[in-house]
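Take a look at the structure set out below.
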Amino acid sequence: MRTDAIGNGRAVLRLPFRASMLRPGGVVSGPMIMMLADACMYAVVLSAIGAVKLAVTTSFSVNFLYGAKPADLLAEGEILRLGSRLVVMQVRVHSEGSDEPVAHATGTYSIPPRRTPQELN
Numbered sequence: 013m014r015t016d017a018i019g020n021g022r023a024v025l026r027l028p029f030r031a032s033m034l035r036p037g038g039v040v041s042g043p044m045i046m047m048l049a050d051a052c053m054y055a056v057v058l059s060a061i062g063a064v065k066l067a068v069t070t071s072f073s074v075n076f077l078y079g080a081k082p083a084d085l086l087a088e089g090e091i092l093r094l095g096s097r098l099v100v101m102q103v104r105v106h107s108e109g110s111d112e113p114v115a116h117a118t119g120t121y122s123i124p125p126r127r128t129p130q131e132l133n
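See the structure below:
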């Protein structure tokens, strides 16, 4: 997996195709698509708030729309809402060379409260 673009609450990740990703029927397996979408959400969070310890997934949902053909997969993620404690995102996954989404994911991350150095002692 590699990052094609990242910044300002958006990210594009690429999962290069490997034959081991296929399930019976010749389509990319759901767990591979879920892994890519989840990683994209994390990249989106990092692009918006930086590396924050204990920023964690609180919800994650994937709708599989079409079978993903044997090709690189691209995940395009963006923030829908950035609050002080929660980040809500969506990710659209498609095969390279096609704009038709094979999956749509939504998720929420919990952001720990910011603490001053005095509060940490």
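In the numbering used here, the protein residues as written are 13 to 133.
By construction, the Cβ of each residue, glycine as well, lies at the ideal position given by its N, Cα and C atoms.
Computed from a predicted structure; not experimentally measured.
In the DSSP assignment, Val56 falls within the unbroken alpha helix (DSSP H) covering Gly42 to Ile61. A straight line joining the alpha-carbon of Met44 with that of Tyr78 spans about 14 angstroms. For Thr120, the pairing in a beta bridge is given by DSSP as Ser71 and Val100.
The way I'd put it, the segment 87 to 102 does touch the segment 119 to 127; three or more beta-carbon pairs between them come closer than 8 angstroms. Secondary structure at Ala115: strand, using DSSP grouped into helix, strand and coil. Judged by DSSP in its simplified three-state form, Ala83 adopts coil rather than helix or strand.
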